[in-house]
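Chemist: Before I ask anything, let me first share the structure, which is written out below as C-alpha cells.
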C-alpha cells in the first residue's frame, strides 16, 4: 500500500495538467463564428464613442469581414443600413419609430448603465443604450437572436439586468498550492489567470474569456482564491500590477476586477503588529493601500474576504465581529465606489462528531443575523445558497431571509466540486432556478431573486468553473453551467430550459453540425434533468456529503461521518438523517420565517427531497411519494444509473454529427460517469442494506 | 471545505519537516558514553588487523580516553591487561583457559564470520573471534554486559548469529516524492541517507547510524525505496557513486549495502526495447551493469526488487514468472556472491469489493508456492510476515511453510505504518517474537525462525524506522523497536522482554538518570504490553485495516471497505469478519499445513485474536474468552484507552528523572496517543453499536 496508492491520491488532487494554450485549438464555446452570421452579413452603423463602443465596433467589423456585411462608425444617421447600435444622449436622435418605442415601453425608467432597447425603425433594427455597456449587451442579444433580430414584425424590447452585480469568483491560486494545485476545486486544467506564481502570458485567451463572460452577462470577476496565501496576499500591494494587467484585458468587455484579500494584510504586508479593525493604524493602512489600488485601477471592483473561516484570519482574533471587520474595508473602499464582498461561510470546523448539539447548518445565521443593520452600505454579505456547502440538494440558506437591512448576495458554485467535478454531466440551471425562485417568507412572498436584485441587492456570485482546458470547462457540456449562471444573473426569472436551449443554439450552430435539431433534442434529453439524475445516484433525500474526504469525488458514505467538519448523516441500523427540528433537534428549522419553519419542522410536512436534512427517520418511514425511505434509496440509485446509461446511449447517436473532439471528450466522460454512478449506486445501496437489513422489494442485486 | 482541510492532508502526508543535523543535539540512543564506562576504565589489548579491528580499536580508545583506561594494539600477549580482543588464526594463541573454553563449548563448530567467544583467562576477559566482525560484535557484547563482563565467575560463552542476514530496508526516496515525501511511510523526519535529490552531507550522522546498527546486530541495509522512481533507478548506473559513498561510511561497522532496483532498468537506463528476463540482451545488460557495481563496491550486497506489485514493473509484462525475473538478476550477481531479495508482496490491487471470491490474503501463496524449487540459490524470496500488509495482528504468512526448496526471508515493519506511526508507544518485540516462534507445521515442528535461519535461510528483513530526527525514530521509545529487531535477528529465540530490558539499561544508564530502577520499572510497565494495548483500541480480532486511507493513521472503519485494495471487513447489522475457510469462504485457511489449516478452518478452534481474519461471525458469537464478539469490541476498546491513560500517568512519574528533552518528546506523544486512542475507541464502538444495536452490557458511553 504505497506509491501507487499515493499516485492515485495525486491523480485525485491534481486532476489535470495545465495545457499550453498555443498547443491546442480552443473551443469557441457559445461564440462560434457562425453565431455572428446574421449580423455579419448586414450593413451596420455604430453610433457613439468609448472603450466598450470600440469593442462593439471590433466585434461587428470582424463579423462583417467574415460574412460580407459592412460597418460604419459614424456620428450621423444618414447611412442606408440594416442595423444601428446607438448611444442615446448624442446630439442626433434616431428615427421616429425608435422614439416611439422609447416612449412606449419606457415607463419613465432609464435604460441604465447596462440596459438597451431593441426595436425596428422602418427596415432598420436599432439597438439603443444609455451607456456603452448597454450596446455591448445589445450586441450579444442580437447575436443570440440571429435572423430574428431582423424580423420586421418583431416588437420593441427593453432589457435591463435584474441584478446589478453578476460576478464570478476564481478560486485560482497564483502560486501552485502543494495540495490544491493551481486552482482550488478546479476541474478544467490550469488557471486561465495564473501559472506557477506568475500571470499567464496568454492574454488573448484571457480576452476571449472576457468576451464569453460578457456574452453571458457576467460583469465582474475576483481574480484569486478566497483562501489567500502568501503570494496571493501581495496582489494587493507590490504585485498590484498583475491585477491591473488583468483589469486592462477585461475592461473592454465591461468586466470589473475584484481581489480576494487577507484580513491579516496589515500584519503580513504592512508590518503592523495587529489587524484589529478598530485600530487607527490598521484603518489608515487599509485606506492608503486602497487609495493606491484605485490610482492604478480606477474602476477596481472591491475586496472579497473569507474571514474567520476554515483557518483564514479575521476580526475574531481581536474580539471584534464580522461587521467591524467588513466595515473596516468598506470604509477604505467607499471614496472610490468599491464594495466589500464579505462571505458568510463561517462555522466551527473543529466540531466533535460526538456532540450532536452543534450544527454547522446553523452557523451562518447564528453569526450574521444578529449583525443585520450594522454593515456599511458598500458591504455585501455573500451567502452560500445553502446552509452547508454547495451540496447537490440543500434547503435555501435562512440567512437570506434574516438580514433585511443588509445587502446580500447569493453565492453559487459553478465549479462542480460536489456535483461531479466536470466529469459528470450535471446541468445546474434547474437547481439554481429553484434557489432563486424560492420564497422564504412563504409562497406569496418575495423570492431570493428579489432579495439580491436591484440597487440594494448584492447580486449573484458564483465560483468559476473555467480553466485553461481547450473546452474551457473540462467537460464541454459544463460550459452550459457557466453560460446559465450569467443569464440567470441577468434575469433570474428565466426558464432554465430556455437558457439551455439558447446555449445549444449558439454552441452547436447549423454549419458546425449535420443535424442541429437532433443535437438540440439529444442535449435536452441528456442535460435537462441531469442534476436530478446526479441527485438520484448520490446522497439521498438531502442528507448531503457521503463523498470521499479531501477530493470530494465519488462515494464515501462514512467519509465525513467521524470528522470535525460537521457533516454527518447518523445512519444506524434503524434509521438515518439529521434532526434539525426545533422540538427535538438542533433547532435549525426555526431559523426560517414561519411558513418554512413550520413546514420543515415536521417529517410529515417536510418535502421529501429535504427529509433527511431535517429529520432522522426510520428506514420504514413512508415518504409523500408513497415509498419507504429505504426503498426510495434503492429505487433512485438504480434509476440514476439507468438514466446515466441512457445518457451515454443518446450521446452515441451524435457520433459523426458534431465536432469529433467534442464528441470524444464527452464520450470519455460519459464512460467515467457510468462507472462512477455505478460505484455510487452499489456503495450506497450496500451500505444501507448492510445497515438496515431490508431487502430490495424488487429483488435487484445489492452486494 | 478547502485549504485548511488540504493543509491537514498535507500534515498527514508530510508529518515532519527534515531537521538539519547540525541544528540539533542527536540523542545517543543505546550507545551513550556511559555505556562504555566499564570497558573504558580498563586496560585493553587488541590483537589483530583489518578494517573492523580498527573500528574496535577506535571504540575502545575513545572509551578509555573518557574513562581513564588504556589500550594497546599489539601482536603479542605479554601485556598486563583486563580485557583482550583477539583474532584467532594469528600466530600466537591466547592462554590455556581460553584454549580450554574454545575446546569445551566448541562442539567442532567454527565461530564463523561474525561469532565470538567470551571467556575468562585468569584475571583477563578474552573476546576471541575468527573474523574481524566477530570482534566488533564481541565489543558491543562487552558493552552490554558492563561490569558483568569482568566477573571472575562468568562462564565462557559462544555467540553466533542464528540468522546470517539481518537487514533493514530503507523506503527512502532520493528525490522527494510529491505525495510520499522523502521517506515513504517514514515518521522520523527526513531521510538519514538522502535529501532533496542528493546524498545527505552529514556523513558523521550516517556513520553514527551504522554504529548503532552494528551494536544491535544488523549487518545490511538497502538504501532506497522498493518503489523505485526515475532518480532512484539511476543509483544502479550513473549515480552508483552515491551508493559507494554510503557503503564506504558503513563498511567499518560491518554493514553491507544493497540496492532496490527497477525491473525495467534495462529499458529505463539501458535503452533496450524490453526487460524480458529471457532476452539475451537483457541478460547481458544486467551482467555488465552488475559487474560495474562490483568494480566500484566489491562487498556490495545485492538487489532488492518489488516486481509486478502495486504498479511496479516486473516479468509479467513479458509472460514470464517471478522465478524467471529473480533468476535473471541472480545470474548477474552470482559471480560476486551477491543475492537478490525478491519480494513476495504481490497481489491484485485492482480488486472489486463486490467480488468476495478474490482474497488478497491468498495472493502471495498463489503466486509463489508453485514456483518453489525454481529459484537460483542466490535468490531470497522476501515474505511479509503476514498475508496482508503489516497489520497489528495477522496470521503468519503460509508462504513461509510452502517453499521448502527456496531461501526465504521474513519481512517485518519496524516503521510503524499501521501501528501508531511513532506517535503511539507500540513496542513490537512481543509481536515479532510470536511470529518467529510460530510453528507452521504444528506445535512440535520447526518454527519460522528455523525456516529463515542458517546457511539456507534468507534471514530477517525489516522496513527501517529511522530518519534525521534528533531521537532517530521520532518517538524516543520507538528506538527500542529498531534495537529489538537487530537483537531478534541475531537470536530469534530470545525473550523480547529481556531485549527490552537490555535496551533500557543501555539507553538510560545510571549517570543519565536519577533513579535507573524507577525508569526500568516504568518503561516496562509502559512498553511491555503496548502492542497488545494498541491492538485493543484499534481493529478488533484480527480483522485488520479500518484505518484512514492514504496516510493509514487513525480510525477509518469503512475507509477501505469499498476500495480496490482488497482489505475488507464486511460488517453488516448481523456480524463482521472475512470468511477465509475452505468450506464456505475464500479457501485461504487451506494454504496452511494441516495442523493450522484445521485450526483456522472453524470458528470454534480458531484463536480469538484471529477470529475475524478467518471468519464472518454474528455479533453474539461467543469467544473462547467467554465474551461475545460485540462485548469484546466494547471491552477491549474501553480497556485500551484506560491503558494508554495509565501509560501517560506512569510516564509523568519520570519528570525530572531523565533527560528533559526525552521526557518532553515522549510526554507530547503520549498526549497524542491518548487523543488518538480515544478517537479509535469512540469511532469503533459507535460504528459497531450503530450497526449491531447491541448496547454495552456495562452501560458505558457509546456515542
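Chains as they are written, first to last, in my numbering: chain A, 2 to 704; chain B, 2 to 704.
Glycine included, each C-beta is placed from N, C-alpha and C at the ideal position.
Computed from a prediction, not measured in an experiment: that's the story for all the values here.
Is the number of C-beta pairs between the segment 564-578 of chain A and the segment 660-676 of chain A that are closer than 8 Å three or more?
Modeler: Because the criterion of three Cβ pairs below 8 Å is not met, the segment 564-578 of chain A and the segment 660-676 of chain A do not touch.
Chemist: Less than 7 Å between CB atoms is the rule here; does residue 684 of chain B satisfy it with respect to chain A?
Modeler: As a working note, residue 684 of chain B is residue 683 in the second chain. True, the Cβ-Cβ gap to chain A drops below 7 Å.
Chemist: Could you tell me how far apart the beta carbons of residue 134 of chain A and residue 114 of chain A are, in whole angstroms, since I believe they sit closer than 8 Å?
Modeler: Within the first chain, the letter at position 133 stands for residue 134 of chain A. Within the first chain, the letter at position 113 stands for residue 114 of chain A. Their Cβ separation, rounded to whole angstroms, is 6 Å, which keeps residue 134 of chain A and residue 114 of chain A in contact under 8 Å.
Chemist: Under the rule that 16 or more other beta-carbon atoms within 10 Å means buried, what is residue 118 of chain B, buried or exposed?
Modeler: If you number the second chain from 1, residue 118 of chain B lands on position 117. Classification of residue 118 of chain B: buried, given that the 10 Å Cβ count is 16 or more.
Chemist: Confirm the yes/no value for this check: CB of residue 327 of chain A, any heavy atom of the ligand SAH, distance under 6 Å.
Modeler: This structure simply doesn't include the ligand SAH, nor any ligand for that matter.
Chemist: Applying a beta-carbon distance threshold of less than 7 Å, which residues of chain A neighbour residue 708 of chain B?
Modeler: Since the displayed chain B opens at 2 and closes at 704, residue 708 of chain B lies outside it and no answer follows.
Chemist: Going by the DSSP bridge assignment, what does residue 200 of chain B pair with across the sheet?
Modeler: Within the second chain, numbered from 1, the residue matching residue 200 of chain B stands at position 199. DSSP output for residue 200 of chain B lists B:195 as bridge partner(s).
Chemist: For residue 120 of chain B, write down the residues that DSSP places opposite it in a beta bridge.
Modeler: Taking the first residue of the second chain as 1, we reach residue 120 of chain B at position 119. For residue 120 of chain B, which the question treats as bridged, DSSP gives the partners B:127.
Chemist: Looking at chain B, is there any beta carbon in it that lies within less than 7 Å of the beta carbon of residue 570 of chain A?
Modeler: In the first chain, counting from the first residue as 1, residue 570 of chain A sits at position 569. No, because no Cβ of chain B sits closer than 7 Å to the Cβ of residue 570 of chain A.
Chemist: Do residue 171 of chain A and residue 465 of chain A count as a contact pair if the criterion is CB distance below 7 Å?
Modeler: As a first step, residue 465 of chain A is located in the first chain; it is residue number 464 there, counting from the start. As a first step, residue 171 of chain A is located in the first chain; it is residue number 170 there, counting from the start. Their beta carbons are under 7 Å apart, which means residue 465 of chain A touches residue 171 of chain A by this criterion.
Chemist: Residues in the same chain with beta-carbon distance under 7 Å from residue 687 of chain B, minus the five sequence neighbours each way, listed in chain order, please.
Modeler: To locate residue 687 of chain B, count along the second chain from 1; it is residue 686. So the qualifying residues of the chain are 703 and 704.
Chemist: What residues in its chain sit with their C-beta under 6 Å from that of residue 132 of chain B, if we drop five residues either side in the sequence?
Modeler: If you number the second chain from 1, residue 132 of chain B lands on position 131. Cβ within range, chain order: 114.
Chemist: Taking buried to mean at least 16 other C-beta atoms within 10 Å of its own C-beta, is residue 485 of chain A buried or exposed?
Modeler: Working through the first chain from its first residue, we reach residue 485 of chain A at position 484. Classification of residue 485 of chain A: buried, given that the 10 Å Cβ count is 16 or more.
Chemist: In the structure shown, what three-state DSSP assignment does residue 476 of chain B receive?
Modeler: As a first step, residue 476 of chain B is located in the second chain; it is residue number 475 there, counting from the start. The answer is coil: DSSP assigns residue 476 of chain B none of H, G, I, E or B.
Chemist: By the DSSP assignment, the alpha helix (DSSP H) with residue 381 of chain B in it spans what residues?
Modeler: Residue numbering aside, residue 381 of chain B sits at position 380 when the second chain is read from its first letter. That residue, residue 381 of chain B, is in no alpha helix (DSSP H); its beta strand (DSSP E) goes 380-385.
Chemist: Nearest to residue 587 of chain B by alpha carbon, out of B:361, B:148, B:209 and B:595?
Modeler: For the purposes of this step, residue 587 of chain B is identified with residue 586 of the second chain, where counting begins at 1. Taking only the C-alpha atoms, the option nearest residue 587 of chain B is B:361.
Chemist: Considering residue 60 of chain A, what are the terminal residues of the alpha helix (DSSP H) in which it resides?
Modeler: As a working mapping, residue 60 of chain A is identified with position 59 in the first chain. First-last of the alpha helix (DSSP H) with residue 60 of chain A: 52-68.
Chemist: Who pairs with residue 461 of chain A in a beta bridge, going by DSSP?
Modeler: Locating residue 461 of chain A in the first chain gives position 460, counting from the first residue. BP columns for residue 461 of chain A point to A:167 and A:411.
Chemist: The segment 148-175 of chain A: which residues have C-beta closer than 7 Å to a C-beta of chain B, in chain order?
Modeler: For the segment 148-175 of chain A, which is checked against every Cβ of chain B, not one residue is closer than 7 Å.
Chemist: According to DSSP, is residue 444 of chain A part of a helix, a strand, or is it coil?
Modeler: Counting from 1 along the first chain, the entry for residue 444 of chain A is found at position 443. In the structure shown, residue 444 of chain A sits in coil (DSSP, three-state: anything other than H, G, I, E or B).
Chemist: Please state the DSSP three-state secondary structure of residue 158 of chain B.
Modeler: The count along the second chain starts at 1 and reaches residue 158 of chain B at position 157. Note: residue 158 of chain B maps to strand in three-state DSSP.
Chemist: So, is residue 632 of chain A buried or exposed, given that buried needs 16 or more other C-beta atoms within 10 angstroms?
Modeler: Against the first chain, residue 632 of chain A aligns to sequence position 631. The residue in question, residue 632 of chain A, is buried, as its Cβ has 16 or more Cβ neighbours within 10 Å.
Chemist: Using 10 angstroms around the beta-carbon of residue 666 of chain B, count the other beta-carbons present and answer buried if the total reaches 16, otherwise exposed.
Modeler: Here the question's residue 666 of chain B lines up with position 665 in the second chain. Buried is the call here.
Chemist: So with CB distances below 7 Å, who are the chain A contacts of residue 355 of chain B?
Modeler: Position 354 of the second chain, counting from 1, holds the residue named residue 355 of chain B. Per Cβ cutoff of 7 Å: 683 and 704.
Chemist: Tell me the residue span of the alpha helix (DSSP H) that contains residue 243 of chain B.
Modeler: For the purposes of this step, residue 243 of chain B is taken as residue 242 along the second chain, with counting starting at 1. Residue 243 of chain B -> alpha helix (DSSP H) spans 241-251.
Chemist: Less than 7 Å between CB atoms is the rule here; does residue 348 of chain A satisfy it with respect to chain B?
Modeler: Counting from one through the first chain, the residue named residue 348 of chain A turns up at place 347. No, residue 348 of chain A does not count as interfacial toward chain B.
Chemist: Whose Cβ in chain B lies nearer than 9 Å to the Cβ of residue 563 of chain A?
Modeler: Mapped onto the first chain, residue 563 of chain A falls at position 562. Simply 556, 557, 558, 680, 683, 684, 687 and 688.
Chemist: Figure out for me which residue from B:539, B:142 and B:266 has the closest Cα to the Cα of residue 160 of chain B.
Modeler: As a working mapping, residue 160 of chain B is identified with position 159 in the second chain. Ranking the options by Cα distance to residue 160 of chain B, first place goes to B:142.
Chemist: Could you have a look at residue 174 of chain A and say whether DSSP puts it in helix, strand or coil?
Modeler: Locating residue 174 of chain A in the first chain gives position 173, counting from the first residue. Residue 174 of chain A falls in the strand class under three-state DSSP.
Chemist: If you draw a straight line from the alpha carbon of residue 453 of chain A to that of residue 402 of chain A, how long is it in whole angstroms?
Modeler: On the first chain, residue 453 of chain A is found 452 positions in, with the first residue counted as 1. On the first chain, residue 402 of chain A is found 401 positions in, with the first residue counted as 1. C-alpha separation (whole angstroms): 11 Å.
Chemist: Measure the C-alpha to C-alpha separation of residue 399 of chain A and residue 628 of chain B and round it to an integer number of angstroms.
Modeler: As a working note, residue 399 of chain A is residue 398 in the first chain. As a working note, residue 628 of chain B is residue 627 in the second chain. Approximately 50 Å, taken between the alpha carbons.
Chemist: What residue range does the beta strand (DSSP E) around residue 342 of chain B cover?
Modeler: The residue labelled residue 342 of chain B in the question sits at position 341 within the second chain. Looking at the DSSP string, the run of the beta strand (DSSP E) that includes residue 342 of chain B is 340-344.
Chemist: On a CA-only basis, which of B:223, B:116, B:250 and B:201 is nearest residue 169 of chain B? Give me that one, please.
Modeler: Stepping through the second chain from its first residue, residue 169 of chain B is reached at position 168. Nearest of B:223, B:116, B:250 and B:201 to residue 169 of chain B, Cα basis: B:223.
Chemist: Counting Cβ pairs closer than 8 Å, one from the segment 381-398 of chain A and one from the segment 411-423 of chain A, do we hit at least three?
Modeler: Result yes; three or more Cβ-Cβ pairs closer than 8 Å.
Chemist: Taking residue 535 of chain A as the reference, which of A:70, A:682, A:230 and A:179 has the closest Cα?
Modeler: Position 534 of the first chain, counted from the start, is the residue given in the question as residue 535 of chain A. When each option's Cα is compared against that of residue 535 of chain A, the closest is A:682.
Chemist: CA-CA distance, residue 243 of chain A and residue 212 of chain A?
Modeler: Translated into positions along the first chain, residue 243 of chain A becomes position 242. Translated into positions along the first chain, residue 212 of chain A becomes position 211. When rounded, the distance between both Cα atoms is 20 Å.
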